[in-house]
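Reading through the structure tokens given below for one structure.
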Amino acid sequence: MVLNQELAQKLVDQIMDNLGYNINIMNDLGVIIASGSKERIGKYHKIAEEVIKKKCRIDIDEEDEAKYEGVKQGINMPFYYQHAIAGVIGITGSPKELENTAELVRMSTELMLEQQALKERIYHHQSQKTFFINRLLAVHYDYDWETTKNWGAKLGYNLTIPRVVCLLSLNNLNHVVETSPLLTKEKVKEHIISSIKATASHNKQDISSYINVDEIIIFKTFKQDENHLKEHIEGYFIEIQKALEGLHVEWSVSVGNYHPSQHGYAESYREAKLLLNNAKQKGKQIIFAKDHIFELLFASVHKGLLDTYLKPLAEKILDSQHMFETIEALIENNMSLVHAAKALYIHRNTMIFRMNKLKEYLNLNPIHNEKDRMLLHVIYLYIKHYKS
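The numbering used here applies: residue 1 is where the sequence shown begins, and numbers increase by one.
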């Protein structure tokens, strides 16, 4: 394990500020990598080499200084990582006076080395996990599935367990960070992902990670009974909501369908991604792909084809004041004129007037004609996806 030079220098500076002694830290080759005397960094330390060879502490008294060129009295002692010498600490001063200080510095250095190693392991694991998740979501690439499964197994994940993709969007992350000068975006994000993993319903086979600044992907496991999947997922996110109450974070979740094929994760992700904005726009906290089949089918149609048939109709709607919001209210209220009028805070007669205008512009009668109703819904989705 190689000690990070920047961290070593920070440790040296902190100890010198508090204790006043000059300190050198040498690597396992005897080269000074951190020092209170910056000009010595990068230079060879003869005593450090002897400490490494003999695997023992060497004290230099005042009378010994003449024996070694450029060496001052003090304590030179090895520090270890996993029972192997990782380097040498040199503290300038009387060895008798430095006894307790030297031990404290050694312990601090070894602790710092352990922390550095832990961070590197976490970073390495996260890098592997990110690569693995990218493989799972790469629907357009014919990756070897057995290789992907083996990669998952190395990370502790069994890919034969059924999962659905849940996309969690943090809608007010910047606002949460601004509520306290002690908070940073990284601290908040780390707290959120840790809180999710700490919930009772989150198990070791649930794969979770940030996929961008304010979105978390969760490959949520479930038992084979798909009839209770929705209830299971809702219960899971109720726990998450309780865990995050103190942060006052606003979030939305979209949940893809379960697909048993090897590209099932990618397909479930595609569905969740398509519906996430839908959840945010409607102010819903959780939305399921199985409840929005019509929207998913629409999103699968080539845009060029949609433009050919729907663009002229969409432009008529957008050219007319209030027409789009009227259509949206009708669709969200099952074509009820009464409920749509209430949703828009307008009089029923105003709603009837707008409805007549709709018939005039589009030559559609969605209240009484099922095909016209479906076409109106498709036009609405086209405007939502491509014109808003």
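We put the CB at the ideal spot given by N, CA and C, even for glycine.
Bounding residues of the beta strand (DSSP E) (the contiguous stretch that carries residue i)
i: I161; result: Element bounds for I161: n/a, residue is neither H nor E.
Identified DSSP bridge partners for residue i
i: M77; result: I89
i: S254; result: L167 and I287
i: A34; result: I25
i: I450; result: Outside the shown range of the chain (1 to 388) lies residue 450, about which nothing can therefore be said.
i: I58; result: N76
i: A66; result: DSSP, once it has assigned bridges, lists no residue as partnering A66.
i: A117; result: DSSP lists no partner for A117.
i: A84; result: Y81
Residue i - containing alpha helix (DSSP H), residue span
i: Y44; result: Where Y44 is concerned, there is no enclosing alpha helix (DSSP H), given that its DSSP letter is neither H nor E.
i: N150; result: W145 to K154
i: V177; result: L173 to E178
i: Q262; result: From DSSP, Q262 is part of no alpha helix (DSSP H); its letter is neither H nor E.
i: K96; result: From DSSP, K96 is part of no alpha helix (DSSP H); its letter is neither H nor E.
i: E234; result: L229 to A243
i: L375; result: E370 to Y386
Assumed close pair residue i, residue j - CB separation to whole angstroms, cut-off 8 Å
i: A393; j: V51; result: Here the chain comprises residues numbered 1 to 388, so residue 393 is not present and cannot be evaluated.
i: S252; j: L276; result: 7 Å
i: E110; j: Y81; result: 7 Å
i: Y269; j: R163; result: Actually they do not touch by this definition, with Cβ atoms about 11 Å apart.
i: F79; j: G87; result: 6 Å
i: A390; j: A243; result: Beyond the ends of the chain as shown, which are 1 and 388, falls residue 390; an answer cannot be given.
Option in the options with minimal Cα separation from residue i
i: L98; options: A117, F132, K67 and I60; result: I60
i: M351; options: I327, E332, K371 and I89; result: I327
i: L173; options: T184, L167 and M335; result: T184
i: Y380; options: L310, D319, H339 and E110; result: L310
i: E245; options: Y258, S195 and V213; result: S195
i: L337; options: H368, L313 and V2; result: H368
i: Q262; options: E49, N158 and S208; result: N158
i: E20; options: E49, V105 and A299; result: Here the sequence assigns Gly to residue 20, which means Glu is not the residue at that position. Considering only alpha carbons, the answer is V105.
i: G74; options: N100, E332 and T148; result: N100
i: T345; options: E120, K357 and E325; result: Inspection of the sequence shows that residue 345 is occupied by Tyr rather than by Thr. Checked all of E120, K357 and E325; the closest Cα to Y345 is E325.
Proximity test, residue i beta-carbon vs the ligand MN heavy atom, cut-off 7 Å
i: I91; result: Ligands are entirely absent from the displayed structure, and the ligand MN is therefore not among its contents.
### Sequence ranges, beta strand (DSSP E) only - wholly within the region 190-223, length at least 3
207-212 and 215-221
### Query
Counting only runs that start and end within the region 285-366, where is the alpha helix (DSSP H) found for 4 or more residues in a row?
293-299, 303-319, 323-332, 337-344 and 348-362
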